[in-house]
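Residue numbers (our numbering): 80 to 198. Yeah, the Cβ is synthetic: ideal placement off N, Cα and C, and Gly gets one too. None of these values were measured; they are calculated from a predicted model. Notes follow once the structure below has been shown.
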């Protein structure tokens, strides 16, 4: 078994190539270049993608980005009130439990263990 826990050499080679390709993504996108040349890292990634030497990450259009933003906005508008309602319910429940425990503490009397009363 290898150090990474992957026994298949082809899978390990593909994982190494993927990691090398991911390292190049940040620098490629920072420079404004949207193409990622997998041949510079390892040939296993290019072979796994059907022999393509270049993998191109297409930029998203404005409508796609606005649609994703609108979806996140709707989700947050729904989730924030639900989270507040859950927090309010939980705090109310905790107060009820604390009051019940206080009442039980007042009603219970401790009895010494050394004294036995036959029934």
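query, result
"Through-space distance from residue 178 to residue 184, alpha-carbon basis", "10 Å"
"Buried versus exposed call for residue 96 [16 or more other C-beta atoms within 10 Å across all chains shown]", "buried"
"Continuous alpha helix (DSSP H) stretch holding residue 160: start and end", "141-186"
"Alpha carbon of residue 202 to alpha carbon of residue 140, nearest angstrom", "Any answer about residue 202 is impossible in this case: the structure gives the chain only from 80 up to 198."
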